[in-house]
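Enquirer: Once you've had a glance at the structure underneath, I'll fire off some questions.
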Amino acid sequence: MKPVKVGVLGLGTVGGGTVNVLKRNAQEISRRAGRDIIITRASARDLTRERICDTQGLSLSRDPYDIINDPEIEIVLELMGGTELAKELVLKAIANGKHIVTANKALIALHGNEIFAAAQKANVMVTYEAAVAGGIPIIKAIREGLSGNQINWLAGIINGTGNFILTEMRDKGRDFSDVLAEAQALGYAEADPTFDVEGIDAGHKLMILASIAFGIPLQFDQVFTEGITKITRADVEYAEELGYRIKHLGIARKTESGVELRVHPTLIPERRLIANVDGVMNAVLVQADAVGPTLYYGAGAGAEATASAVVADIVDVVRALSLNSESRVPYLGFQADAITDLAILPAEAIETAYYLRLTVEDKPGTLADITHILAKQNISIEALIQKEPNADETKLPIIMLTQKTIEKEMNAAIAAIENLASVTGQVTRIRLETLG
Ligand code: NDP
Ligand code: HSE
């Protein structure tokens, strides 16, 4: 059989890694796919730049349209990033009858509904395993491996850069900006690294996971996101004193009133496996009705780890080339006409426990005022630490863990506490999940 010809848009970290893995493992991949797979063309902005891959035998172009308009190419790899040009190119490639493999979570989270509809019409595949949790085959696991289950919730460390930063800060006391610069040099970070540290990248990934877990449309604007930039060393230490780790989690939960979609720093009991996922590693915990909890772990970013997922998608596409669209795995795991628009809960309806840290005057009655406010909002305290003030200071930190409550009640309590004359500055609030 003739080899399948592939064109790549983007020859950076992921594109370069993909070229390397496809070349190095060509024989094994061909034995699995049933056809030889060769990358014949690639595009990048700067053709003089040094690449992490060997570009010999590749026809290079500055113009990505050269690739998507090449009649010889059957599969286009979109490994450029961004959402505007990438969307335009992907839709044009689909119209040209090309199958698409992408690592671009922003593209899928923002424009996936439109792209899948166009792909279905054109009878082509669009695969995106590398878009979520780097090399972990989590899309395949949820979409295919768990297809007999009702999924109740999932929670994941789904941004490698953020987890790398939190780990280095905790273990080595390094500076935030210093670790971020290293993550960028290692090729982990997004082109705009605020996407990593503000939870936007994790939000894109969470939206994709929630869509395939619950069969809901992609709707990134409904995801609540909070970043990691405000986490202090003191919070990390107090959390550990209480038996918790702080992780940047994406959580999707189906409740009776709707779906929670949220990304935020989270205290997790340190005995949970996921609390011990460090560095650039990612992990996704899925709670499903038949199998119970399952945990998926692996590298969340980096050239070859991500290439592993890209190449697996290429193999899937090659195996399914001769199938019609009804015989293929649906784009979001549910048949297109069975996607259900469940209500997405607003942030104020989130139900969770909380870690609170506040600075108060060291004088009688302060604690009573605070506990009174919490009681008024029906919030129960689970644990409380009151630190000794330094010798020359009159202010001291109080750290509290609360039981589960509704975010709206907590917002009201925090506003009232911050209004107390004995409380200085803002209350630090970090959500807490037991993941039991
Ligand atoms: P890089 O910045 O390393 O590579 C991007 C590539 O696309 C470069 O080769 C660049 O050209 C090319 N490119 C960018 N814009 C244009 C344009 N306007 N026209 C033509 N070519 C363009 O990014 P990554 O490889 O890190 O990321 C690519 C995608 O994969 C993104 O969607 C990212 O979110 C996703 N991803 C990244 C992971 C990672 O670990 N890095 C992991 C999982 C997903 P040039 O080299 O000349 O600048
Ligand atoms: N910037 C992303 C991360 C790349 O750090 O997780 C992988 O999606």
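Here our numbering runs 50 ahead of the position in the sequence shown, where the first position is 1.
Note that the Cβ used here is the ideal one computed from N, Cα and C, for glycine as well.
The model shown is predicted, which means the values in this text are computed figures rather than measured ones.
Which whole-angstrom value is the C-beta distance of arginine 295 and isoleucine 318, which I expect to be below 8 angstroms?
Expert: 6 angstroms
Enquirer: Run the CB neighbour count on glutamate 134, radius 10 Å, all protein chains shown included, and call it buried at 16 or more, exposed below.
Expert: exposed
Enquirer: Where isoleucine 123 and aspartate 116 are concerned, what is the direct C-alpha to C-alpha distance, given to the nearest angstrom?
Expert: For isoleucine 123 and aspartate 116, the distance between alpha carbons rounds to 10 angstroms.
Enquirer: Between lysine 52 and arginine 85, what straight-line distance do the alpha-carbon atoms span, to the nearest angstrom?
Expert: 7 angstroms
Enquirer: Check for me: the alpha helix (DSSP H) holding serine 227 runs from which residue to which?
Expert: 226-235
Enquirer: Rounded C-beta distance between leucine 323 and leucine 259? I'm assuming under 8 angstroms.
Expert: In fact, because the Cβ distance is near 18 angstroms, the residues do not count as touching under 8 angstroms.
Enquirer: Which residues end up in the neighbourhood of the ligand HSE when you take C-beta atoms closer than 6 angstroms to any of its heavy atoms?
Expert: Gly184, Asn209, Gly210, Thr211, Tyr238, Ala239, Glu240, Asp246, Asp251, Gly350, Ala351
Enquirer: Between the stretch 162-173 and the stretch 272-289, can you find at least three pairs of beta-carbon atoms closer than 8 angstroms?
Expert: With the cut-off at 8 angstroms, the stretch 272-289 and the stretch 162-173 do not touch.
Enquirer: Do isoleucine 207 and valine 327 have their C-beta atoms within less than 7 angstroms of each other?
Expert: yes
Enquirer: Measuring alpha carbon to alpha carbon, tell me which of Arg479, Thr152, Ser261 ends up nearest leucine 129.
Expert: Each of Arg479, Thr152, Ser261 was checked against the Cα of leucine 129, and the nearest Cα belongs to Thr152.
Enquirer: Any heavy atom of the ligand NDP closer than 6 angstroms to the Cβ of leucine 129?
Expert: yes
Enquirer: Please classify phenylalanine 214: does DSSP put it in a helix, a strand, or coil?
Expert: helix
Enquirer: From glycine 352 to lysine 413, what distance separates their C-alpha atoms?
Expert: 52 angstroms
Enquirer: What is the rounded straight-line gap between the Cα of leucine 160 and the Cα of threonine 98?
Expert: 32 angstroms
Enquirer: Measure the C-alpha to C-alpha separation of serine 375 and phenylalanine 384 and round it to an integer number of angstroms.
Expert: 13 angstroms
Enquirer: Taking 6 angstroms as the cut-off, does the CB of leucine 61 come closer than this to any heavy atom belonging to the ligand NDP?
Expert: Yes, the ligand NDP has a heavy atom inside 6 angstroms of this Cβ.
Enquirer: Comparing the CB of threonine 455 with every heavy atom of the ligand NDP, is any distance shorter than 6 angstroms?
Expert: no
Enquirer: Does the distance between the C-beta of leucine 135 and the nearest non-hydrogen atom of the ligand NDP fall short of 6 angstroms?
Expert: yes
Enquirer: What are the start and end residues of each continuous alpha helix (DSSP H) run of 4 or more residues lying completely inside the stretch 149-217, in chain order?
Expert: 155-172
Enquirer: Name the two residues that bound the continuous alpha helix (DSSP H) containing asparagine 332.
Expert: Counted as a single uninterrupted DSSP element, the stretch harbouring asparagine 332 is not any alpha helix (DSSP H) but the beta strand (DSSP E) occupying residues 331-338.
Enquirer: Can arginine 479 and threonine 316 be called in contact, C-beta distance under 7 angstroms?
Expert: no
Enquirer: Using 6 angstroms as the cut-off, classify the Cβ of alanine 153 as near or not near the heavy atoms of the ligand NDP, replying yes or no.
Expert: yes
Enquirer: Would you report the Cα separation of isoleucine 89 and arginine 369, rounded to the nearest angstrom?
Expert: Answer to the nearest angstrom: the Cα atoms are 17 angstroms apart.
Enquirer: Checking 7 angstroms against the spacing of the C-beta atoms, do alanine 145 and isoleucine 201 come in under that value?
Expert: no
Enquirer: Any idea which residues DSSP pairs glutamine 77 with across the strands?
Expert: Looking at the DSSP assignment, glutamine 77 forms no beta bridge with any residue, so it has no partner.
Enquirer: Give the straight-line distance between the Cα atoms of aspartate 225 and valine 367, rounded to the nearest whole angstrom.
Expert: 43 angstroms
Enquirer: Over what stretch of residues does the alpha helix (DSSP H) that includes glutamate 491 continue unbroken?
Expert: Any question about residue 491 goes unanswered here, given that the chain covers just 51 to 486.
Enquirer: Three-state secondary structure (DSSP) at isoleucine 389?
Expert: Isoleucine 389 falls in the coil class under three-state DSSP.
Enquirer: Note down the Cα distance separating isoleucine 189 from asparagine 428, rounded to an integer number of angstroms.
Expert: 40 angstroms
Enquirer: I need the straight-line Cα distance from arginine 112 to valine 56, nearest angstrom please.
Expert: Their backbone Cα atoms lie some 17 angstroms apart in a straight line.
Enquirer: Locate the alpha helix (DSSP H) running through tyrosine 288, then write down its first and last residues.
Expert: For tyrosine 288, the enclosing alpha helix (DSSP H) begins and ends at 283-291.
Enquirer: Please list the segments of the beta strand (DSSP E) lying wholly inside the stretch 393-481, counting only runs of 3 or more residues, in order along the chain.
Expert: 401-411, 431-436, 445-452
Enquirer: With DSSP as the reference, identify every bridge partner of alanine 362, one or two as the case may be.
Expert: Beta-bridge pairing links alanine 362 to no other residue.
Enquirer: Which value, in whole angstroms, describes the spacing of the CA atoms of alanine 83 and isoleucine 158?
Expert: 25 angstroms
Enquirer: Are the CB atoms of valine 176 and isoleucine 150 nearer to each other than 7 angstroms?
Expert: yes
Enquirer: Could you name the residues that DSSP lists as bridge partners for serine 109?
Expert: Arg91
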